[in-house]
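Below is one structure, written out as structure tokens, with a few remarks after it.
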Amino acid sequence: MSQDLEKSFVKQLKENQNIIHKICRLYTSGDDAHNDLFQEITIQLWKAYPKFRGDSKFTTWAYRVALNTAITLYRKSTRSISTMEFDNTKHFIKQEDYNYEEEEQIKLMYKAVYQLNDIEKALIFMYLEDKDYEEISETLGISEVNARVKMNRIKGKLKKILNP
Amino acid sequence: MKELDLLKKDWKKNENSFQQVSENDIYKMIHKNSSSVVRLIMIIGIIEFLFWIGISLFSNNDEYFQKLNMDNILLYMRILTYAHYAIIVTFIYLFYKNYIVISTTDSTKILMKNILKTRRTVNIYVWYNLGMIIFSLILGFMLAYFYNPDFALVKEKIEHDGIKAILFFIGIVIAIVGVFTVVSWLFYKLLYGFLMKKLYKNYEELKKIDL
């Protein structure tokens, strides 16, 4: 029984691992930290898995546990603005559709997002993942209206970072 | 915001650019120990419970009171001791109850609230124990003063010097208690400041949004 559980978990996690990778990318800098957080999120997902009944989608459930781990359970501070983070964006530039000005802007955007605090990053993350405000408010435990207000403030903050 | 749309486009484009973790690696990972703040709080909490239980077991005063021929006080002390144990058991129960409520599938805010609640239970438990130590010290000193023949010298001195000597002895008790409290407080400030700085900060940030 428990072996079946383990098997189905590993399979589902492998298929959906990019969710975790994306959170690690936002909350850590450098490969070691990325792998460290990835492991902790995996452990937390596994611990919570028996309670996952499949009445919600695996991904929806995984988003929540993974974000909670990054923001709440993971002890190491995730905010340090270094050149490492800046380099992180390098391998996201693909040769074929290279547009210098656009790429430059994207790079600056990544850098600005890294300067946000953990909670702001969570909102941005869910925005990038096309989550609606209902899910954002449910995941973080804030009201929907306030999630909207906060999102607008974050946009303002990003603008300020980009154009000081 | 134009730049944010650009970022989203790039974010989606690179969704599958991560180095993939194999099933084998995932198997290995789920058998490792978590290094989460919740696990550490639980471990430290258990150590704290054991530490204070150890102290209350070692400070058995029965012999002392028997020696002083104070059987009536002995009864009161026993009642006090059992009440103390009952309170410790209650604390352990509360700690355990709060701990099992912690769930990563709750919203971030509720999760943080539950972690802080668990921590607060242990904090109150420790301050309760410190309070008991202060109380025992004062009580012990008073009993010794009135009943212990070894304290005759002290008594004589107080009678001779009056208020000055009384103040001196009260001063000593306050100093001992003070040092103990300050050291404990510093220890806590350092340990939990270090452990929970991030959690507190994020919790405050989250609370601010809903103000």
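From first to last, the protein sequence lines are chains A and B. Its first residue numbered 1, the first sequence is counted upward by one per residue in UniProt numbering. Its first residue numbered 1, the second sequence is counted upward by one per residue in UniProt numbering. Glycine included, each C-beta is placed from N, C-alpha and C at the ideal position.
According to the Cβ coordinates, are ILE136/A and LEU123/A closer than 8 angstroms? With contacts defined by Cβ atoms closer than 8 angstroms, ILE136/A and LEU123/A form a contacting pair.
Should THR105/B be flagged as near chain A, meaning a C-beta pair shorter than 8 angstroms? yes
Going along chain B in order, which residues have a C-beta closer than 7 angstroms to the C-beta of GLY30/A? Near GLY30/A there are no residues of chain B at all, since even the closest Cβ is about 14 angstroms away, more than 7 angstroms.
What number of angstroms, rounded off, separates the C-alpha of SER29/A from the C-alpha of PHE125/A? Taking the straight line from one Cα to the other gives about 16 angstroms.
How would you write the range of the alpha helix (DSSP H) that SER35/B sits in, first residue to last? Taken as a continuous stretch (DSSP letters only), SER35/B belongs to no alpha helix (DSSP H), as it is neither H nor E.
From this set, PRO164/A, TYR127/A, LEU73/A, which residue's C-alpha is nearest MET112/B's C-alpha? LEU73/A
Step through the CB atoms of chain A and report whether any lies within less than 8 angstroms of the CB of SER56/B. Nearest CB-CB separation between SER56/B and chain A: not below the 8 angstroms threshold.
Taking the alpha-carbon of CYS24/A as reference, which of GLN3/A, MET109/A, SER56/A, ALA70/A has the nearest alpha-carbon? ALA70/A
Is there a C-beta anywhere in chain A that falls below 8 angstroms from the one on PHE49/B? no
Let's see if you can read the secondary structure: which residues bound the alpha helix (DSSP H) around MET1/B? That residue, MET1/B, is in no alpha helix (DSSP H); it is neither H nor E in DSSP.
Alpha carbon to alpha carbon, how far is GLY162/B from PHE168/B? Give it in angstroms, no decimals. Near 10 angstroms, if we compare the C-alpha coordinates of GLY162/B and PHE168/B.
Quick one: what's got a C-beta closer than 7 angstroms to ASN129/B's C-beta in the same chain, skipping five residues either side? TRP52
Evaluate MET142/B with the Cβ neighbour count: other Cβ atoms within 10 Å of its Cβ, from every protein chain shown; 16 or more gives buried, anything less gives exposed. exposed
Taking CB distances under 8 angstroms as the criterion, tell me whether SER82/A reaches chain B. In this predicted model, SER82/A has a pLDDT of only 45, less than 50, meaning its place in the structure is not dependable enough to derive any value.
In angstroms, rounded to a whole number, what distance separates the CA positions of ILE46/B and ASN123/B? 12 angstroms
Would you call the segment 5-23 of chain A and the segment 11-24 of chain B touching, i.e. three or more CB-CB distances under 8 angstroms? Yes, the segment 5-23 of chain A touches the segment 11-24 of chain B.
Using 10 angstroms around the beta-carbon of ALA152/B, count the other beta-carbons present and answer buried if the total reaches 16, otherwise exposed. exposed
Return yes when the Cβ of ILE110/B is within less than 8 angstroms of the Cβ of GLY54/A, no when it is not. Their beta carbons are not under 8 angstroms apart, which means GLY54/A does not touch ILE110/B by this criterion.
Nearest to ILE26/B by alpha carbon, out of ASP36/A, LEU13/A, HIS34/A? Residue LEU13/A is the option with its Cα nearest to ILE26/B.
6 angstroms Cβ shell around ALA48/A - same chain, five flanking residues per side excluded: Excluding sequence neighbours, ALA48/A sits near VAL65.
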